[in-house]
Amino acid sequence: MKRFAFVLALLGVLAGCHEAPTPAPASRTDSAAIYRQVFVPPEQCQPCHPDHYREWAMSMHAYAVVDPIFHAMNEQGQQITGGRLGQFCIACHSPAASLLGEAPDGVVRGELSPHSRGGVTCVTCHAAAAQVPGHGITQFRLDGVLSGSVIDPVPNTFHASVYDRRFEQSEVCAGCHDVVNPRGLLVEQTFTEWKNSLYPVRDLPCQACHMKWVYAPIAVGGPVRRRHSHIMEGIDVALTDFPGREETMQLIQYALDNALIVSVETPSVAPRTQPLEVAVNIFNQTVGHNFPSGTIFERQLWVEFIATNERGDTLLASGLLDPNGDLRTTGSEYVERGLMPPDTALALFNGVAYRHGRPIDFFFDADAIVDRTIPPFESRIARYAVPATALQTAATVQLSVRILFRAFPPYVLRKLGHGDLVAKLPIFTVKTTSETVTLRD
Ligand code: HEC
Ligand code: HEC
Ligand code: HEC
Ligand code: HEC
Ligand code: HEC
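See below:
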């Protein structure tokens, strides 16, 4: 019991947090000294936990304040809101940077310290004492004790260990994997989507899919136990020089391979005199929350649909990219300048943020969102009609369908001043399928 006396409350760290603020520690210098001790740099865990370190170091958690897109978006947000965002973004992407006062006005200028530049570091999770879904981690242990899911840890000279059953539950991820913006709107909701699905009753928390385990020592020289992977891949990969980019891309592809069941519904023989109607049915089979999820304003999951005749002429196409790499919809310069027609048949699964009824680029100022993602075990149908005029001289129609997924639309990177990174942005093929239709008079 006694050790809990050392846990200091840090409520109200995040702007937009609705809890009553607790008094701040005596002075910034005192508290900074305490936090420097608490937020042990991950490099110090490496000698005893080399595998955990290697995996974490290539994860998006380690990339959270390395990510140039994060910084560009945060800076743009601070400008748009006249600085009102304050610590909001940094307090979740690097709680240590926020608590150590390394970004006093919310923006990182210059180098971060070894305590904070790891973003979501080992200690961020293993010294978390409390979190509120959507508001990040609200309390850290300040006594140096690290919590985890090992019931009977072997003692070591570096840190005391304590078992905390929440490490086996989704609750340990909930603080950050729901995001409530400064207007009080739940804008990102991976945890809530999971909670409202059938996965909790099937006893499948985030860890079941994102932290697969093997039998191996969890510390050098220690006994063999369940060692959980700390890579935690999703869809995102580093766009800068960062360890493990290729390995992460392979793991993402592996996770996406079984994510969906896709079927093309159309007659095998159809009259040439009528439009050929095709439905593409997309079923979320293994994603433990909506697909996509989280920062759905950036994510693009879409259907590429191409109908050709036996000579290879295109009869109808949707989901193709303009010369900038953008889909021919909102954000395409080619469509906006009237150089290409908009893709009216496009099936795009993402989210759009609104403010005063108008679509906006970033979520922090949103007062409403439109969610076009696919919940677990639900289907969405994309419909196409190949016009009869295109069928007149054809004997057969070949339908090729691909479901494609990427973390960012190129126009967003360009708007943030990072157009140079577009070339490094992978597009994953989630599913490929095809169908042939024979035409009759
Ligand atoms: C001197 C070696 C050493 C260092 C340095 C070290 N650990 Fe450990 N750690 C251990 C040993 C030994 C265990 C227990 C292994 C066992 O019981 O199988 C352990 C256990 C743990 C556990 C499991 C606790 C539980 O009860 O579930 C966590 C979490 C952990 N360490 C995190 C860290 C983090 C984070 C750091 C860096 C801040 C770190 N360790 C640094 C040796 C070390
Ligand atoms: C049943 C398996 C399963 C469970 C349970 C699960 N996930 Fe996922 N998750 C996936 C798969 C598969 C993907 C890849 C598809 C994707 O990127 O959306 C994914 C993707 C993600 C992404 C990237 C989403 C995006 O579109 O940007 C995040 C973040 C994530 N998961 C976090 C979580 C959290 C947090 C939990 C627990 C609340 C959780 N997941 C539970 C399977 C699961
Ligand atoms: C995003 C949160 C998060 C971060 C960051 C994180 N861990 Fe963990 N860690 C967990 C969770 C959750 C578990 C327990 C998984 C389970 O039992 O289902 C765990 C388990 C462990 C264990 C117990 C053995 C095992 O594999 O289950 C050790 C040791 C450990 N982590 C060390 C580290 C070290 C060292 C780092 C940094 C290099 C780190 N962790 C970063 C969440 C995190
Ligand atoms: C302190 C906040 C925090 C906690 C706690 C946390 N995460 Fe994260 N997580 C983040 C941030 C921030 C990112 C995105 C970093 C970036 O790319 O800039 C992220 C990224 C991810 C991704 C990759 C998403 C993608 O699109 O590729 C997955 C998967 C993920 N987290 C799973 C988990 C799981 C599972 C847990 C619980 C065991 C967890 N996280 C706990 C903050 C957190
Ligand atoms: C409550 C925690 C939290 C807050 C606050 C937060 N984020 Fe995040 N952020 C996350 C998590 C978790 C992810 C990963 C979700 C996913 O991949 O779907 C993420 C992902 C991102 C990504 C995508 C990373 C990538 O490279 O794909 C960017 C960019 C980002 N956040 C910027 C911001 C900005 C800017 C703010 C402030 C306006 C902010 N975040 C506030 C938790 C947070």
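Heads up, the final residue of the sequence shown is numbered 475 in the numbering used here, and it's a clean run with no missing numbers. A virtual CB, placed ideally from N, CA and C, is assigned to each residue, including glycine.
Handout entry: Contact set for residue 319: own chain, Cβ-Cβ below 7 Å, skip 5 residues either direction
Key = Taking the sequence shown and counting its residues from 1, one reaches residue 319 at position 285. Cβ within range, chain order: 292, 293, 294, 295.
Exercise for the section: Along the alpha helix (DSSP H) that carries residue 85, what are the first and last residues, could you check? Expected result: Here residue 85 refers to the residue found at position 51 when the sequence shown is read from its first residue. Segment 84–91, the alpha helix (DSSP H) holding residue 85.
Exercise for the section: Identify every residue that forms a DSSP beta bridge with residue 418. Expected result: Taking the first residue of the sequence shown as 1, we reach residue 418 at position 384. Residue 418 pairs with 312.
Exercise for the section: Determine the burial state of residue 190: buried for a count of at least 16 other Cβ atoms within 10 Å of its Cβ, exposed for fewer. Expected result: In the sequence shown, residue 190 corresponds to position 156, counting from 1. It counts as exposed.
Practice task
Could you tell me if residue 136 is buried or exposed, where buried requires 16 or more neighbouring beta carbons within 10 angstroms of its beta carbon?
Solution key: Along the sequence shown, one-based indexing puts residue 136 at 102. Per the 10 Å Cβ criterion, buried.
Exercise for the section: For the beta strand (DSSP E) containing residue 203, list its first residue and its last residue. Expected result: Along the sequence shown, read from residue 1 onward, the residue named residue 203 stands at position 169. Unbroken run through residue 203: none, as it is neither H nor E.
Practice task
Please go through the same chain and pick out, in chain order, the residues whose beta-carbon is closer than 6 Å to the beta-carbon of residue 123, but skip the five residues on each side of it.
Solution key: Mapped onto the sequence shown, residue 123 falls at position 89. The answer, listed in chain order, is 108.
Exercise for the section: Using the Cα positions of residue 64 and residue 72, report the straight-line distance between them to the nearest angstrom. Expected result: Working through the sequence shown from its first residue, we reach residue 64 at position 30. Working through the sequence shown from its first residue, we reach residue 72 at position 38. Cα-Cα distance, rounded: 13 Å.
Handout entry: Exposure of residue 411, with buried meaning 16 or more beta-carbon neighbours within 10 Å
Key = Within the sequence shown, residue 411 is the residue found at index 377, counting from 1. Counting Cβ neighbours within 10 Å, residue 411 comes out exposed, since fewer than 16 surround it.
Practice task
For the stretch 335–354 and the stretch 432–448, state whether three or more C-beta atom pairs, one from each stretch, are separated by less than 8 Å.
Solution key: They touch, by the three-pair rule.
Exercise for the section: Confirm, please, whether the CB-CB distance from residue 439 to residue 215 is below 8 Å. Expected result: Taking the sequence shown and counting its residues from 1, one reaches residue 215 at position 181. Taking the sequence shown and counting its residues from 1, one reaches residue 439 at position 405. No. Outside cutoff.
Problem - Beta-carbon proximity list for residue 469, same chain, < 7 Å, skipping 5 on both sides - result: Numbered from 1 along the sequence shown, position 435 holds the residue referred to as residue 469. The residues are 298, 300, 433.
Practice task
Apply the 10 Å Cβ neighbour rule to residue 473 and answer buried if 16 or more other Cβ atoms are within range, or exposed otherwise.
Solution key: The count along the sequence shown starts at 1 and reaches residue 473 at position 439. By the neighbour-count rule (16 or more Cβ atoms within 10 Å), residue 473 is buried.
Handout entry: residue 142 CB to nearest heavy atom of ligand 4 below 7 Å
Key = Residue numbering aside, residue 142 sits at position 108 when the sequence shown is read from its first letter. Not so, every heavy atom of ligand 4 lies at least 7 Å from the Cβ.
Problem - Residue interval of the beta strand (DSSP E) (run including residue 385) - result: Locating residue 385 in the sequence shown gives position 351, counting from the first residue. Run containing residue 385: 385–389, per the beta strand (DSSP E) assignment.
Practice task
Just the C-alpha distance for residue 402 and residue 328, rounded to the nearest angstrom, thanks.
Solution key: In the sequence shown, the residue the question calls residue 402 occupies position 368. In the sequence shown, the residue the question calls residue 328 occupies position 294. Taking the straight line joining both Cα atoms gives about 15 Å.
Exercise for the section: Taking only heavy atoms of ligand 4 into account, decide whether any of them is closer than 7 Å to the Cβ of residue 267. Expected result: For the purposes of this step, residue 267 is taken as the residue at position 233 of the sequence shown. For ligand 4, at least one heavy atom lies less than 7 Å from the Cβ of residue 267.
Problem - C-beta contact flag for residue 379 and residue 311 at 8 Å - result: Here residue 379 refers to the residue found at position 345 of the sequence shown. Here residue 311 refers to the residue found at position 277 of the sequence shown. Their beta carbons are not under 8 Å apart, which means residue 379 does not touch residue 311 by this criterion.
Exercise for the section: Go ahead and label residue 77 buried or exposed: buried means 16 or more other beta carbons lie within 10 angstroms of its beta carbon, across all protein chains shown. Expected result: Against the sequence shown, residue 77 aligns to sequence position 43. When all chains shown are included, residue 77 counts as exposed.
Problem - Spatial neighbours of residue 225 in its chain, beta-carbon cut-off 7 Å, leaving aside the 5 residues before and after - result: Here residue 225 refers to the residue found at position 191 of the sequence shown. Residues 167, 204, 207, 208, 211, 212 of the same chain have their beta carbon placed closer than 7 Å to that of residue 225, with the five preceding and five following residues left out of the count.
Exercise for the section: Give the DSSP-derived three-state secondary structure of residue 58 in the structure shown. Expected result: Within the sequence shown, numbered from 1, the residue matching residue 58 stands at position 24. Confidence at residue 58 is low in this model, with a pLDDT of 45, below 50, so the placement of that residue should be treated as unreliable; the coordinate-derived value is given next. It is coil, neither helix nor strand.
Problem - residue 317 versus residue 223 - alpha carbon distance - result: Reading the sequence shown from its first residue, position 283 is the one you call residue 317. Reading the sequence shown from its first residue, position 189 is the one you call residue 223. Between residue 317 and residue 223, the C-alpha separation is close to 20 Å.
Problem - Top-ranked residue by Cα proximity to residue 112, from 68, 140, 282, 424 - result: On the sequence shown, position 78 is the one that residue 112 refers to. For residue 112, the nearest C-alpha among the options comes from 140.
Handout entry: Backbone CA spacing between residue 248 and residue 88 [nearest angstrom]
Key = As a working note, residue 248 is residue 214 in the sequence shown. As a working note, residue 88 is residue 54 in the sequence shown. In this structure, the straight-line span from the alpha carbon of residue 248 to that of residue 88 is close to 15 Å.
Practice task
Note down, in chain order, each residue of its chain lying with its Cβ closer than 7 Å to the Cβ of residue 274, except the 5 sequence neighbours on either side.
Solution key: Taking the first residue of the sequence shown as 1, we reach residue 274 at position 240. The answer, listed in chain order, is 100, 102.
Practice task
Please confirm whether any heavy atom of ligand 1 lies closer than 7 Å to the CB of residue 78.
Solution key: Within the sequence shown, the letter at position 44 stands for residue 78. Yes.
Problem - Under the three-state DSSP convention, the category residue 299 falls into - result: Mapped onto the sequence shown, residue 299 falls at position 265. Here residue 299 carries a strand assignment [DSSP, helix/strand/coil].
Handout entry: residue 121 - containing beta strand (DSSP E), residue span
Key = For the purposes of this step, residue 121 is taken as the residue at position 87 of the sequence shown. Where residue 121 is concerned, there is no enclosing beta strand (DSSP E), given that its DSSP letter is neither H nor E.
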